[in-house]
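**Student:**
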Ligand SMILES: [Fe+2]
Ligand SMILES: [Fe+2]
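In the numbering used here, the protein residues as written are 59 to 391.
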């Protein structure tokens with residue numbers, strides 16, 4: 059419907075490692091990054107910076123949209139009207155996050171149609187966490203507490219990302235994510251104050267979601283090849299392991315309030331580091347899911363394709379209306 063706003067043609071950057079002296083445009087870009095200023099769509103930027111952002115922001119947007127599915131699964135079965143209303147609001151927030159982020163990516167010269175096509179063709183990535191199933195109501199608590207909780211730890215530093223439209227989108231998203239985390243915590247708290255069966259359901263769910271949530275921060279630092287460049291460009295502010303550690307430090311006291319056990323026998327306070335030591339993460343499962351062999355990979359994409367087809371009439375109607383408006387304006391002028 060709307061065509062993407064391409065600020066200016068993508069020009070190739072000399073890039074790091076090239077010995078030629080920087081062009082005035084590169085100097086300007088480097089100075090803005092150095093001064094912790096924002097890069098805006100109208101500014102010149104290196105190819106690699108633009109591509110990294112397009113990849114990261116579109117993956118993030120796809121995750122928000124695919125992430126609606128595991129929770130919308132429970133809207134019709136929520137245990138009370140209050141829970142249903144909260145869950146609907148939460149899932150709707152995720153759709154909004156997807157839209158802010160697709161818009162931010164569009165300012166870099168990729169169209170919404172391209173991003174959608176890549177997603178439904180199975181060529182674009184989204185967060186693997188959404189390829190897990192949500193078989194119990196307690197999973198709505200775990201997803202909010204752990205998945206949205208991990209998202210907040212990851213995303214708060216992105217509010218200061220050097221690319222303006224991304225950072226500004228993240229400010230609003232983070233406010234909503236913090237509501238999501240609290241509603242998840244509250245679902246678990248209510249279950250933990252309930253019957254033995256409800257407590258067991260909460261613990262079983264946390265057992266399934268804890269490790270996948272830790273994997274949301276990405277591979278360990280020594281196995282994260284793109285991180286150094288993203289950090290130099292001030293897109294990324296903290297390493298994967300730092301953020302993972304920060305998340306666990308936040309979870310431990312909250313788990314104590316809930317009366318839940320985090321399923322890591324090696325988790326313990328370390329007086330020397332002033333942080334919790336974590337057990338070894340088994341990355342085999344993560345790589346399986348990344349390779350498309352997770353419990354719900356196929357279904358998530360299939361559902362997304364169906365939703366895209368179901369929405370075709372809306373897009374056609376909006377495009378026809380827009381054409382009619384343009385014709386009427388042309389006749390009037
Ligand atoms: Fe979100
Ligand atoms: Fe969320």
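Glycine included, each C-beta is placed from N, C-alpha and C at the ideal position.
So is the beta-carbon of residue 231 under 7 Å away from any non-hydrogen atom of ligand 1?
**Tutor:** Position 173 of the chain shown, counted from the start, is the residue given in the question as residue 231. Yes, ligand 1 has a heavy atom inside 7 Å of this Cβ.
**Student:** Can you tell me whether residue 168 is helix, strand or coil according to DSSP?
**Tutor:** Within the chain shown, numbered from 1, the residue matching residue 168 stands at position 110. Of the three classes helix, strand and coil, the one that applies to residue 168 here is coil, per DSSP.
**Student:** Exposed or buried, what is residue 139 when buried is set at 16 or more other beta-carbons lying within 10 Å of its beta-carbon?
**Tutor:** Along the chain shown, one-based indexing puts residue 139 at 81. Exposed is the call here.
**Student:** Round the Cβ separation of residue 241 and residue 148 to the nearest angstrom and send it over; I've been treating them as touching at under 8 Å.
**Tutor:** Along the chain shown, one-based indexing puts residue 241 at 183. Along the chain shown, one-based indexing puts residue 148 at 90. About 6 Å separates the two Cβ atoms, so the contact holds.
**Student:** Rounding to the nearest angstrom, what Cα-Cα distance links residue 313 and residue 377 in this structure?
**Tutor:** Start at 1 with the first residue of the chain shown, and residue 313 comes out as number 255. Start at 1 with the first residue of the chain shown, and residue 377 comes out as number 319. Going by the C-alpha atoms only, they are around 50 Å apart.
**Student:** Using only the heavy atoms of ligand 2, determine whether one of them is closer than 7 Å to the beta carbon of residue 153.
**Tutor:** Stepping through the chain shown from its first residue, residue 153 is reached at position 95. No, Cβ of residue 153 sits at least 7 Å from all heavy atoms of ligand 2.
**Student:** Taking only the alpha-carbon atoms, compute the straight-line gap between residue 155 and residue 199 and give it to the nearest angstrom.
**Tutor:** Counting from one through the chain shown, the residue named residue 155 turns up at place 97. Counting from one through the chain shown, the residue named residue 199 turns up at place 141. Spanning the two alpha carbons is a distance of roughly 20 Å.
**Student:** Quick one: what does DSSP say residue 293 is sitting in, helix, strand or coil?
**Tutor:** One-based indexing of the chain shown puts residue 293 at position 235. In the structure shown, residue 293 sits in coil (DSSP, three-state: anything other than H, G, I, E or B).
**Student:** Can you pull the DSSP bridge partners for residue 335?
**Tutor:** Within the chain shown, the letter at position 277 stands for residue 335. Per DSSP, 326.
**Student:** Could you name the residues of the same chain whose beta carbon sits closer than 7 Å to that of residue 152, not counting the 5 residues immediately before and after it, in chain order?
**Tutor:** Counting from 1 along the chain shown, the entry for residue 152 is found at position 94. The residues are 122, 125, 126.
**Student:** Give a yes or no on contact between the stretch 257 to 268 and the stretch 189 to 205, applying the rule of three or more CB pairs nearer than 8 Å.
**Tutor:** Yes: the two stretches touch, three or more of their Cβ pairs being nearer than 8 Å.
**Student:** Any residue with its C-beta under 5 Å from a non-hydrogen atom of ligand 2 counts. Can you list them all in chain order?
**Tutor:** Those satisfying the condition are, in chain order, 206, 235, 238.
**Student:** Per the contact definition of three or more C-beta pairs closer than 8 Å, is the stretch 201 to 217 in contact with the stretch 296 to 312?
**Tutor:** Output reads yes: the stretch 201 to 217 touches the stretch 296 to 312.
**Student:** Could you tell me the boundaries of the alpha helix (DSSP H) in which residue 115 lies?
**Tutor:** Counting from 1 along the chain shown, the entry for residue 115 is found at position 57. Element bounds for residue 115: 105 to 124.
**Student:** With DSSP run on the structure shown, which of helix, strand or coil describes residue 190?
**Tutor:** Within the chain shown, residue 190 is the residue found at index 132, counting from 1. Three-state result, residue 190: coil.
**Student:** Return the Cβ separation of residue 322 and residue 332 in integer angstroms, given the expectation that the two are a contact with Cβ distance under 8 Å.
**Tutor:** If you number the chain shown from 1, residue 322 lands on position 264. If you number the chain shown from 1, residue 332 lands on position 274. With a Cβ gap of about 19 Å, residue 322 and residue 332 do not count as contacting.
**Student:** Could you check the C-alpha separation between residue 62 and residue 141 for me, to the nearest Å?
**Tutor:** Position 4 of the chain shown, counted from the start, is the residue given in the question as residue 62. Position 83 of the chain shown, counted from the start, is the residue given in the question as residue 141. Reliability fails at residue 62, whose pLDDT of 40 lies under 50, so the model's placement of it is uncertain and no value is given.
**Student:** Does ligand 1 have a heavy atom nearer than 7 Å to the CB of residue 122?
**Tutor:** Position 64 of the chain shown, counted from the first residue, corresponds to residue 122. Because some heavy atom of ligand 1 lies under 7 Å away, the Cβ of residue 122 counts as near it: yes.
**Student:** Would you say residue 276 and residue 298 are within 8 Å of each other, going by their C-beta atoms?
**Tutor:** Translated into the one-based positions of the chain shown, residue 276 becomes position 218. Translated into the one-based positions of the chain shown, residue 298 becomes position 240. Against a cut-off of 8 Å, the Cβ pair of residue 298 and residue 276 comes out as a contact.
**Student:** Would you mind working out which of 220, 166, 131 sits nearest residue 201, comparing C-alpha positions?
**Tutor:** In the chain shown, the residue the question calls residue 201 occupies position 143. Comparing Cα-Cα distances from residue 201 to each of 220, 166, 131, the minimum goes to 131.
**Student:** Taking the alpha carbon of residue 358 as the reference point, which residue from 186, 290, 344 has its own alpha carbon closest?
**Tutor:** Mapped onto the chain shown, residue 358 falls at position 300. Ranking 186, 290, 344 by Cα distance to residue 358 puts 186 first.
**Student:** With C-beta atoms as the reference, is residue 104 less than 8 Å away from residue 87?
**Tutor:** Stepping through the chain shown from its first residue, residue 104 is reached at position 46. Stepping through the chain shown from its first residue, residue 87 is reached at position 29. Yes.
**Student:** Check the C-beta distance from residue 431 over to residue 146 and give it rounded, since I have them as a contact under 8 Å.
**Tutor:** One cannot answer for residue 431 here, as it falls past the ends of the chain, which runs 59 to 391.
**Student:** Just to check, is the beta-carbon of residue 78 closer than 7 Å to a non-hydrogen atom of ligand 1?
**Tutor:** For the purposes of this step, residue 78 is taken as residue 20 along the chain shown, with counting starting at 1. No, ligand 1 has no heavy atom inside 7 Å of this Cβ.
**Student:** Going by CA-CA distance only, name the one from 281, 246, 279 that's closest to residue 265.
**Tutor:** Taking the first residue of the chain shown as position 1, residue 265 is located at position 207. Of the candidates 281, 246, 279, the one whose C-alpha sits nearest the C-alpha of residue 265 is 246.
**Student:** Output the distance between the C-alpha atoms of residue 389 and residue 381, rounded to the nearest integer angstrom.
**Tutor:** If you number the chain shown from 1, residue 389 lands on position 331. If you number the chain shown from 1, residue 381 lands on position 323. One C-alpha to the other measures close to 12 Å.
**Student:** On the three-state DSSP scale, how would you describe residue 62?
**Tutor:** On the chain shown, residue 62 is found 4 positions in, with the first residue counted as 1. In this predicted model, residue 62 has a pLDDT of only 40, less than 50, meaning its place in the structure is not dependable; the value taken from the coordinates is given anyway. DSSP places residue 62 in coil when its eight states are reduced to three.
**Student:** Consider the C-beta atom of residue 196 and the heavy atoms of ligand 1; say whether any pair is separated by less than 7 Å.
**Tutor:** Position 138 of the chain shown, counted from the start, is the residue given in the question as residue 196. No, Cβ of residue 196 sits at least 7 Å from all heavy atoms of ligand 1.
**Student:** Tell me the rounded alpha-carbon separation between residue 406 and residue 385.
**Tutor:** A question about residue 406 goes unanswered here, because the residues of the chain that appear run from 59 up to 391.
**Student:** Residues bridged to residue 97 by DSSP?
**Tutor:** Here residue 97 is taken as the residue at index 39 of the chain shown, counted from 1. DSSP, once it has assigned bridges, lists 221 as partnering residue 97.
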